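In our numbering, the protein residues as written are 329 to 511.
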């Protein structure tokens, strides 16, 4: 079923359409929630909450082009993820300064240095970033959001989003250099 028709039927309360929407998009939305939740169980809870909200407000969705339904659902889901994060911590604590910044390597790692590191190790390096840096890094690099979109979503200035991404990249560069030096 075309996504515009699927959304229209869901807005009418059609249970088959809602089931199809859930079956079609739940794996992608769960993957999105997994990036920002503390664990799989929390991610599943967030995804369920997202679908409850999606079904409640889907009448507000306006189809524009193929893929716009998922984009809209992802935005609703991301907003819930960040609301959850705000409840766990104050947003100000997310953007603490990292003392590691003073010891950033002068020569950033090249592609070959990063590619030589196992994916699990790179993922662990990303997960070990201070939460604010990690959040901005994931939103930009994994979810493809612009600095303007990140700023709007997190309630920060665009310059803050940009500087937090730069800091995340510097910390990762340092850790990649250290990892390769240790081997």
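Beta carbons are placed, not taken as given, at the ideal position from N, Cα and C, and that holds for glycine.
These numbers come from a predicted model, not from an experiment.
Status (buried if at least 16 other CB within 10 Å, exposed otherwise) for residue i
i, result
"residue 475", "buried"
"residue 427", "Its pLDDT being 43, under 50, residue 427 is placed unreliably in this model, and the value from its coordinates should be taken loosely. So residue 427 ends up on the exposed side."
"residue 414", "exposed"
"residue 364", "buried"
"residue 430", "A caution first: residue 430 carries a pLDDT of 44, below 50, which makes its placement in the model unreliable, though a value can still be read off. Residue 430 is exposed by the Cβ-count criterion."
"residue 487", "exposed"
"residue 462", "buried"
"residue 378", "buried"
"residue 485", "exposed"
Beta-carbon spacing of residue i, residue j below 8 Å
i, j, result
"residue 489", "residue 479", "yes"
"residue 389", "residue 345", "no"
"residue 360", "residue 402", "yes"
"residue 382", "residue 339", "no"
"residue 343", "residue 375", "no"
"residue 372", "residue 358", "yes"
Proximity to residue i [Cα-Cα], best of the options
i, options, result
"residue 337", "501, 461, 397 and 477", "397"
"residue 504", "453, 330, 357 and 394", "453"
"residue 460", "482, 448, 439 and 469", "482"
"residue 439", "508, 462 and 465", "508"
"residue 370", "342, 350 and 412", "412"
"residue 380", "394, 355, 493 and 408", "408"
"residue 330", "357, 392 and 355", "392"
"residue 356", "366, 470 and 455", "470"
"residue 468", "395, 447, 493 and 342", "493"
"residue 457", "348, 351, 353 and 501", "501"
"residue 466", "351, 362 and 347", "362"
"residue 341", "352, 445 and 384", "384"
"residue 410", "451, 506, 464 and 498", "464"
Next on the checklist: My parser needs the beta strand (DSSP E) runs of 3 or more residues fully inside the region 376-405; what are they?
Outcome noted: none
Checklist entry - What residue ranges within the region 439-498 form continuous alpha helix (DSSP H) runs of no fewer than 4 residues, ordered along the chain? => result 439-443, 447-455, 459-465 and 475-482
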